[in-house]
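*Asks:*
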Amino acid sequence: MKPKYTYKKSSEFIENIDFEYFETYSLQRGPIFEKEIESLESEFNYLKSKSNLNKTEKDRLSELDELLNFTQVIVNKKGQFHFSAVKINRIEKANPKSIRLIEILKTEINDVPNWMCSPIYRDAILFYDKNETLIKQLNICLSCEYMETELFNHINADFKTYELMREYLIEIGHKIETEKASG
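Numbered according to this note's numbering, the sequence shown spans residues 8 to 190.
(1) Got a sec, what are the start and stop residues for the beta strand (DSSP E) Ile-98 sits in?
(2) What residue range does the beta strand (DSSP E) around Tyr-53 cover?
(3) So is Tyr-193 buried or exposed if we call it buried at 16+ other beta carbons inside 10 Å?
(4) Please work out which residues of its chain come closer than 8 Å, Cβ to Cβ, to Phe-159, disregarding the five sequence neighbours upstream and downstream, and give them in chain order.
(5) Leaving out the 5 sequence neighbours to the left and right, which residues in its chain are closer than 6 Å to Leu-68 when beta-carbon positions are compared?
(6) Cβ atoms of Glu-178 and Arg-36: under 9 Å apart, would you say?
(7) Assign Gln-144 to one of two classes, buried (16 or more other C-beta atoms within 10 Å of its C-beta) or exposed (fewer than that).
(8) Where do the ends of the beta strand (DSSP E) carrying Thr-156 lie?
(9) Please report the residue range of the beta strand (DSSP E) in which Phe-166 lies.
(10) With burial defined as no fewer than 16 other Cβ atoms inside 10 Å of the residue's Cβ, what is the status of Thr-140: buried or exposed?
(11) Just to confirm, are Phe-29 and Arg-97 a CB contact at a threshold of 9 Å?
Laid out in structure tokens, this is it:
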């Protein structure tokens, strides 16, 4: 079945979330992550080279294929956190840092980045309601300037939004690389 793509402005996204607090996460970065990926790739290649896989091995191969060869988000369809996710902050809605994030996401859109690379989401923001239920995730790739709430649900934002988001995440403790996509 072909996926259904949706596109929403970042201002619409943030204006339509009734949240109490959010948590920020870093994922898919650092030496521990790189080492784990090497190990998973070795396991994947080993299983792929075998001719007669049992059901457990087939299931594991499928799981590894999805993990290694498809875009990863902070929380998958099964509700599981990405294995590399590290919580950086919890920020209440009334906190000035939350108000700053809302302002960033409300930045007027004049020019939407359109790099020809696949996003690698290394930062994410999870929004929770007053019952501490996760209501929305925002996966952020600052390298290719791209955001999705979940796979195929895109959030459009201006180039300036990504500059401000990068500064903001660094200010609140994210260790962000400086590389950006280049045309």
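Even for Gly, the Cβ is constructed at its ideal location relative to N, Cα and C.
*Replies:* Reading from the atomic positions:
(1) 93 to 99
(2) Counting along the chain, Tyr-53 falls outside any beta strand (DSSP E), though it belongs to the alpha helix (DSSP H) covering 38 to 56.
(3) Within the shown structure, residues of the chain are numbered from 8 to 190, placing residue 193 beyond reach of any answer.
(4) Pro-10, Lys-11, Tyr-12 and Thr-13
(5) Leu-54
(6) no
(7) buried
(8) 153 to 157
(9) Taken as a continuous stretch (DSSP letters only), Phe-166 belongs to no beta strand (DSSP E), being part of the alpha helix (DSSP H) at 166 to 178.
(10) exposed
(11) yes
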